[in-house]
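**Q** My structure is below; once you've seen it, I'll send some questions.
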Amino acid sequence: MHEQGYELIGVGLRFPEAAKAKGQVTCCGMAGIEDARQVSAQLGIPFYVLDYREVFEREVIEPFCQAYVRGETPNPCILCNVRLKFGRLLDLALAMGAEYVATGHYARLATNSKEGPPWLLKGLDREHDQSYFLYALTPRQLAHSLFPVGELTKAQVRRIAARLGLSIANKPSSQDLCFVGADGYREFLACRQPEALRSGPIMDKAGRILGKHQGIAGFTLGQRRGLGIPAKERLYVTALDPARNAVVVGTKEETYTQTLFLDQVNWLMDKPPKGPFWTMAKTRYRAPEIVAEVWVQGTQAVVCFAEPQPRVAPGQAVVFYNNDRVVGGGTVRATFT
Numbered sequence: 218m219h220e221q222g223y224e225l226i227g228v229g230l231r232f233p234e235a236a237k238a239k240g241q242v243t244c245c246g247m248a249g250i251e252d253a254r255q256v257s258a259q260l261g262i263p264f265y266v267l268d269y270r271e272v273f274e275r276e277v278i279e280p281f282c283q284a285y286v287r288g289e290t291p292n293p294c295i296l297c298n299v300r301l302k303f304g305r306l307l308d309l310a311l312a313m314g315a316e317y318v319a320t321g322h323y324a325r326l327a328t329n330s331k332e333g334p335p336w337l338l339k340g341l342d343r344e345h346d347q348s349y350f351l352y353a354l355t356p357r358q359l360a361h362s363l364f365p366v367g368e369l370t371k372a373q374v375r376r377i378a379a380r381l382g383l384s385i386a387n388k389p390s391s392q393d394l395c396f397v398g399a400d401g402y403r404e405f406l407a408c409r410q411p412e413a414l415r416s417g418p419i420m421d422k423a424g425r426i427l428g429k430h431q432g433i434a435g436f437t438l439g440q441r442r443g444l445g446i447p448a449k450e451r452l453y454v455t456a457l458d459p460a461r462n463a464v465v466v467g468t469k470e471e472t473y474t475q476t477l478f479l480d481q482v483n484w485l486m487d488k489p490p491k492g493p494f495w496t497m498a499k500t501r502y503r504a505p506e507i508v509a510e511v512w513v514q515g516t517q518a519v520v521c522f523a524e525p526q527p528r529v530a531p532g533q534a535v536v537f538y539n540n541d542r543v544v545g546g547g548t549v550r551a552t553f554t
């Protein structure tokens with residue numbers, strides 16, 4: 218973008234930072250801000266740091282913790298994108314007279330042939346495509362966004378950085394949640410939301426108590442290890458029941474679901490769909506796309522997969538694709554076999 222003549226302002230967002238394990242790299246810690254400051258200096262552009270620690274706590278961390286109390290599997294990166302990076306930051310940028318917020322997401326935007334907001338597309342680098350995390354952006358947010366690395370592979374981005382002599386050319390890829398730290402999310406929740414780690418029963422679907430757990434937040438659908446239950450057959454987590462503070466277990470087949478109920482659905486079509494339609498759906502960032510039929514009910518939807526799918530948990534995001542284009546997505550609230 219610098220070579221293309223854009224007038225640039227570098228911005229780093231300061232979020233709460235937890236202790237990292239040796240070699241662990243996160244996307245939004247102080248080390249990342251210092252890297253961004255150094256790159257801005259090398260490019261000769263101004264750089265500012267915005268202290269978003271308090272708002273990140275309120276808008277991202279608190280919903281993250283509450284989701285675990287409800288027995289859900291949250292995705293805080295999606296919340297961070299829509300509320301902070303393309304929410305508060307974008308509003309500030311526009312108020313200052315900037316036209317766009319540009320980020321390093323591996324995704325693309327395409328001009329809408331009907332003169333509407335741009336289409337959100339997968340990044341060309343399929344291995345690092347991050348369009349899944351951006352499905353909740355509004356048309357207004359997309360209209361003021363740029364994803365300059367989305368047309369490149371990660372290897373190409375590194376080569377460009379090396380050619381420009383930037384210090385980040387060989388920086389390891391970020392991993393894990395930026396705020397959880399080296400001890401993992403269980404220890405994080407133990408400090409922030411201890412009720413998510415109250416002991417309770419492990420039971421089968423008939424209600425027979427088979428054992429005891431140390432907090433439903435320590436379990437996820439499809440989990441087999443760590444149950445500590447002697448049984449003739451392998452048992453898997455089939456549900457989390459926050460009302461009874463119970464972990465429900467059963468057979469592997471019972472971890473599969475064919476129908477989902479979604480809410481907080483965001484449509485990125487020119488017009489929200491009125492009737493059922495077929496699409497490709499992704500239930501997790503690294504999951505393959507699956508054929509599904511979707512029935513629309515305003516900002517809610519019912520999704521029926523062509524084949525039963527494993528380990529789809531409430532709180533996860535399901536994103537819909539039409540070839541490369543993201544057409545919408547929503548949050549899982551209930552699953553049915």
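So the sequence shown is numbered by the working numbering: it starts at 218 and just counts up by one. No residue lacks a Cβ here, since even glycine has one placed at the ideal position from N, Cα and C.
Decide if Asp-346 is buried, meaning its Cβ has at least 16 other Cβ atoms within 10 Å, or exposed.
**A** Answer is buried; the Cβ neighbour count reaches 16.
**Q** So, under 8 angstroms CB-CB, Gly-321 and Gly-340 are touching, yes? Tell me the CB distance rounded to an integer number of Å.
**A** Contact doesn't hold; Cβ gap of about 11 angstroms is too wide.
**Q** Closest to Thr-455 by CA distance: which of Gly-246, Pro-527, Leu-307 is it?
**A** Comparing Cα-Cα distances from Thr-455 to each of Gly-246, Pro-527, Leu-307, the minimum goes to Pro-527.
**Q** Do you know offhand how far Thr-516's Cα is from Gly-261's?
**A** About 45 angstroms.
**Q** Between Glu-412 and Met-218, what straight-line distance do the alpha-carbon atoms span, to the nearest angstrom?
**A** About 47 angstroms.
**Q** One question on the structure: do Gln-475 and Phe-553 come within less than 9 angstroms of each other, judged by their Cβ atoms?
**A** Closer than 9 angstroms, so yes.
**Q** For the candidate residues Asp-268, Lys-371, Val-536, whose alpha-carbon lies nearest to that of Arg-343?
**A** When each option's Cα is compared against that of Arg-343, the closest is Lys-371.
**Q** In angstroms, rounded to a whole number, what distance separates the CA positions of Gly-428 and Arg-287?
**A** So the two alpha carbons sit approximately 21 angstroms from each other.
**Q** Based on the DSSP output, what are the partners of Gln-526 in its beta bridges?
**A** The partner list for Gln-526 (beta bridge, DSSP) reads Thr-474.
**Q** So, for Cys-521: in the same chain, excluding its five sequence neighbours on each side, which residues have a beta-carbon less than 6 angstroms away from its beta-carbon?
**A** Closer than 6 angstroms at Cβ, skipping near neighbours: Thr-476, Glu-510.
**Q** Check whether the Cβ atoms of Asn-462 and Pro-418 lie closer than 9 angstroms to each other.
**A** Yes, these two residues count as a Cβ contact at 9 angstroms.
**Q** Alpha carbon to alpha carbon, how far is Pro-293 from Phe-537?
**A** Computed Cα separation, rounded: 19 angstroms.
**Q** Cα separation between Lys-239 and Gly-547?
**A** Note on Lys-239: pLDDT 44, under 50, position unreliable in the model; the coordinate value appears next. Near 36 angstroms, if we compare the C-alpha coordinates of Gly-547 and Lys-239.
**Q** Answer with buried or exposed for Gln-358, where buried requires no fewer than 16 other C-beta atoms within 10 angstroms of its C-beta.
**A** With 16 or more Cβ atoms within 10 Å of its Cβ, Gln-358 is classed as buried.
**Q** According to DSSP, is Ser-257 helix, strand or coil?
**A** Note: Ser-257 maps to helix in three-state DSSP.
**Q** In the DSSP output, which residue or residues are listed as bridge partners for His-430?
**A** Gly-417, per the DSSP bridge assignment.
**Q** Sorted by chain position, which residues of the same chain lie with C-beta nearer than 8 angstroms to Phe-264's C-beta, five sequence neighbours on each side aside?
**A** These residues qualify, in order along the chain: Ile-226, Gly-227, Val-228, Gly-229, Ala-253, Arg-254, Ser-257, Ala-258.
**Q** Within 8 angstroms, do at least three Cβ pairs link the stretch 498 to 512 to the stretch 264 to 276?
**A** Cβ pair count under 8 angstroms is below three, so no.
**Q** CA-CA distance, Leu-306 and Cys-297?
**A** Their backbone Cα atoms lie some 11 angstroms apart in a straight line.
**Q** Is the CB-CB distance between Leu-485 and Val-549 below 9 angstroms?
**A** No, the Cβ-Cβ distance between Leu-485 and Val-549 is not below 9 angstroms.
**Q** Please report the distance separating the alpha-carbon of Ala-518 from that of Ala-434.
**A** Taking the straight line joining both Cα atoms gives about 26 angstroms.
**Q** Compare the Cα-Cα distances from Met-420 to each of Tyr-453, Phe-405, Cys-395 and report the closest residue.
**A** The shortest C-alpha separation from Met-420 is found at Tyr-453.
**Q** Give a single yes or no on whether Gly-445 has its beta carbon closer than 8 angstroms to a heavy atom of the ligand ATP.
**A** Of the ligands one can find in the structure shown there are none, so the ligand ATP has no counterpart to examine.
**Q** Using the C-alpha atoms, what's the distance from Gly-445 back to His-430?
**A** In a straight line, the C-alpha of His-430 is about 9 angstroms away from that of Gly-445.
**Q** According to the Cβ coordinates, are Gly-432 and Leu-414 closer than 9 angstroms?
**A** A contact, by the Cβ cut-off of 9 angstroms.
**Q** Report back the beta-carbon spacing between Asp-541 and Gly-333 to the nearest angstrom; my notes put them in contact at under 8 angstroms.
**A** The Cβ separation is near 17 angstroms, so there is no contact.
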